[in-house]
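Single-structure report; data block below.
Residue numbers (the numbering used here): 544 to 744.
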């Protein structure tokens, strides 16, 4: 995964509430297309002649300003993939569907929870393409007018995004620690240690 530290750019406003994962990407698209082609079908049910992600300055924008309960519905991970393939790296909303929220972190996307009034203020200021900054190091969003909006994030999830690794990558980095723990545990609880055939005694 690409590390996420700080991004600055246009923030596309899409403040409709309860956009579910089926609206983000239809299930048929996930079965028909490779991941790299999903971006052009992201949010296709909402697209029209003036859809925000299709017009300058928001085409390829790295940030999406969304309404409450964004990503609710089914657990399809492809919803995150589709949004990433449009160029998005971060989504700012008052709330998210729980599984979608977790899937964002698994795929290097930063979901940011801010109060609804703060999201609305950002959308108003960014409406014509004024840049917004999402700073994961400082855990804050900087509005075009310079106002800073702090956000909370789990420390482990923050570490993984900053380093650009997923849970598997973190596990592989800690193989020596895991092996040391297993050796110590085998001494402490020998009845739980596997024998040479791999069976617990």
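All C-beta atoms, glycine included, are put in the ideal place defined by N, C-alpha and C. The structure presented is a predicted model; accordingly, all values stated were derived computationally and were not measured.
Report the residue from the options whose alpha carbon sits nearest the alpha carbon of residue i.
i: residue 579; options: 660, 720, 623; result: 623
i: residue 625; options: 694, 643, 666; result: 643
i: residue 544; options: 673, 652, 633, 693; result: 652
i: residue 621; options: 719, 568, 591; result: 568
i: residue 627; options: 706, 617, 639, 654; result: 654
i: residue 698; options: 679, 689, 716; result: 679
i: residue 658; options: 671, 556, 694; result: 694
i: residue 648; options: 603, 696, 617; result: 696
i: residue 547; options: 718, 717, 681, 726; result: 681
i: residue 662; options: 710, 592, 608; result: 608
i: residue 650; options: 619, 571, 729, 562; result: 619
i: residue 559; options: 730, 586, 631; result: 586
i: residue 616; options: 606, 656, 570, 589; result: 570
i: residue 632; options: 727, 641, 605, 640; result: 605
Taking all protein chains shown into account, do 16 or more other C-beta atoms lie within 10 angstroms of the C-beta of residue i, making it buried, or fewer, making it exposed?
i: residue 735; result: exposed
i: residue 691; result: exposed
i: residue 738; result: exposed
i: residue 721; result: exposed
i: residue 554; result: buried
i: residue 723; result: exposed
i: residue 614; result: buried
i: residue 637; result: buried
i: residue 629; result: buried
i: residue 704; result: buried
i: residue 599; result: exposed
i: residue 564; result: buried
i: residue 596; result: buried
i: residue 729; result: exposed
Within 7 Å: the Cβ of residue i and any heavy atom of the ligand ADP?
i: residue 546; result: The ligand ADP is not part of this structure, which contains no ligands at all.
To which residues does DSSP link residue i through a beta bridge?
i: residue 677; result: 550, 684
i: residue 692; result: 684
i: residue 615; result: 563
i: residue 719; result: Per DSSP, none; premise fails for residue 719.
i: residue 556; result: 608
i: residue 656; result: 636
Please report the residue range of the beta strand (DSSP E) in which residue i lies.
i: residue 622; result: Unbroken run through residue 622 is the alpha helix (DSSP H), 621-627; no beta strand (DSSP E).
i: residue 636; result: 633-636
i: residue 592; result: Counting along the chain, residue 592 falls outside any beta strand (DSSP E), and DSSP gives it neither H nor E.
Going by DSSP, what residue range makes up the alpha helix (DSSP H) through residue i?
i: residue 642; result: 641-649
i: residue 611; result: Here residue 611 belongs to no alpha helix (DSSP H), and DSSP marks it neither H nor E.
i: residue 715; result: 710-716
i: residue 661; result: 659-668
i: residue 698; result: 698-706
i: residue 573; result: 570-575
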